[in-house]
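*Asks:*
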Amino acid sequence: MTNDIDILVSEVGPRDGLQSIETVLPTAIKHRWIGAQASAGCREIEVGSFVPPKLLPQMSDTADVVRHALEIPELTVAVLVPNLRGAENAIAAGAHKISIPFSVSETHSLRNVRKNHEQMLAEVAKIAELVANVEPERRPHFEAGLSTAFGCTLEGAISEDLVVRSAERLIDCGVAEVGLSDTTGYANPSQVKRLVRKVKAAVGDDRLTGVHLHNTRGLGLANALAAIEEGITTVDSSLGGIGGCPFAPGASGNIVTEDLVFMLEAMGLRTGIDLDRLLSVRDILRQALPDEPLYGFTPDAGLPKDFNVAA
Ligand code: ZN
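In this note's numbering, the protein residues as written are 348 to 658.
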């Protein structure tokens with residue numbers, strides 16, 4: 348990370364947000380959204396995922412979206428991949444960063460991608476090898492997200508030892524970094540602190556720098572702050588908390604980018620993002636997705652008088 352920001356706010360709306368709503372956002376609107384958000388100062392955007400279009404038609408234009416996003420200066424273009432095939436497509440498109448979700452809950456893994464842990468680790472190792480063979484200037488950063496790390500809707504509580512062991516095994520398979528994902532919105536701040544500390548102790552400080560948290564039960568920002576206090580420097584969020592959570596009507600899915608940036612900047616933690624400009628990016632979504640709720644307290648309340656975005 349460049350040293351003019353303290354926390355990297357990684358926008359995941361175009362992927363996590365859009366994949367969980369039915370409407371297929373036209374490619375041109377995705378380009379506009381990503382461009383506008385990068386202009387507001389966002390340095391990293393997860394622009395899509397390389398999944399079979401039959402499964403997620405919302406993501407079928409990801410290669411195109413990646414190529415377009417690569418023209419934006421100083422933007423890290425991230426994508427999600429479920430498997431080796433997806434990674435091949437991501438590398439062909441030229442993505443800067445690729446992440447693969449690894450469900451710590453094996454039941455969730457079997458249900459979602461029909462692979463057990465051993466099969467997933469074998470897949471990750473193959474991708475790591477593929478990545479290692481890409482010429483250095485084009486080689487993407489390869490990361491594995493430990494999903495359901497804080498609890499699973501199918502298995503319930505997830506053993507912290509299993510999370511730590513999974514992190515170690517993923518690093519052994521060749522990923523550059525692991526991340527912690529609260530897929531189900533079960534996490535609480537004490538748990539976040541404990542787990543970040545344990546995983547960092549096991550794999551090293553620089554191999555866990557990011558968290559992906561959901562706001563399903565309203566604890567998203569509290570969990571983000573807990574993670575930051577343990578040294579986390581990248582926090583995922585989505586504009587307008589877009590995507591929602593099908594299990595909790597009225598609750599946003601991801602942390603709302605606008606509220607996260609407000610909290611960080613108000614605390615004096617630099618994000619590089621201009622909040623006024625960020626707030627105006629919502630208009631693009633409001634027009635394109637009139638039936639989707641946009642969440643966020645800061646957009647509703649406005650910025651405090653004399654609020655000073657750290658220059
Ligand atoms: Zn998510």
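By construction, the Cβ of each residue, glycine as well, lies at the ideal position given by its N, Cα and C atoms.
Since the structure is predicted, the reported quantities are computational estimates derived from the model, not experimental observations.
1) Determine, using beta carbons only, whether Pro646 comes closer than 7 Å to chain D.
2) Taking the CB atoms as reference points, tell me whether Ile376 and Ile392 lie closer together than 7 Å.
3) According to the neighbour-count rule (16 or more other Cβ atoms, all chains shown, within 10 Å of its Cβ), is Gln384 buried or exposed?
4) Hey, which unbroken runs of the alpha helix (DSSP H) at 4 residues or more fall wholly within the region 511 to 588?
5) Which of helix, strand or coil does DSSP assign to Glu358?
6) Give me, in chain order, the residues of the same chain whose beta-carbon lies closer than 7 Å to that of Val356; leave out the 5 immediate sequence neighbours on both sides.
7) How about Ala496 and Val510: do their beta carbons lie closer than 7 Å?
8) Looking only at its chain, what residues have a beta carbon closer than 6 Å to the beta carbon of Gln405, apart from the 5 residues adjacent to it on each side?
9) Considering only C-alpha positions, which residue in the set Gly498, Ser537, Val558 and Glu435 is nearest to Val398?
10) For Met610, collect the residues of the same chain with a Cβ closer than 8 Å to its Cβ; drop the 5 residues on either side in sequence, then sort them by chain order.
11) For the alpha helix (DSSP H) holding Gly433, just list the boundary residues, first then last.
12) What do you reckon, is the C-beta of Asp653 under 6 Å from a heavy atom of the ligand ZN?
*Replies:* For this structure:
1) Reference to chain D is not applicable here, since this structure consists of a single protein chain.
2) No. Outside cutoff.
3) By the neighbour-count rule (16 or more Cβ atoms within 10 Å), Gln384 is buried.
4) If only complete runs of 4 or more residues are kept, the region 511 to 588 shows the alpha helix (DSSP H) at 536 to 550 and 567 to 576, in order along the chain.
5) strand
6) Cys389, Val582, Ser584, Thr604, Leu607, Val608, Thr618 and Ile620.
7) yes
8) Leu365, Gln366 and Val371
9) Glu435
10) Leu568, Ala571 and Leu572
11) Leu431 to Ala440
12) no
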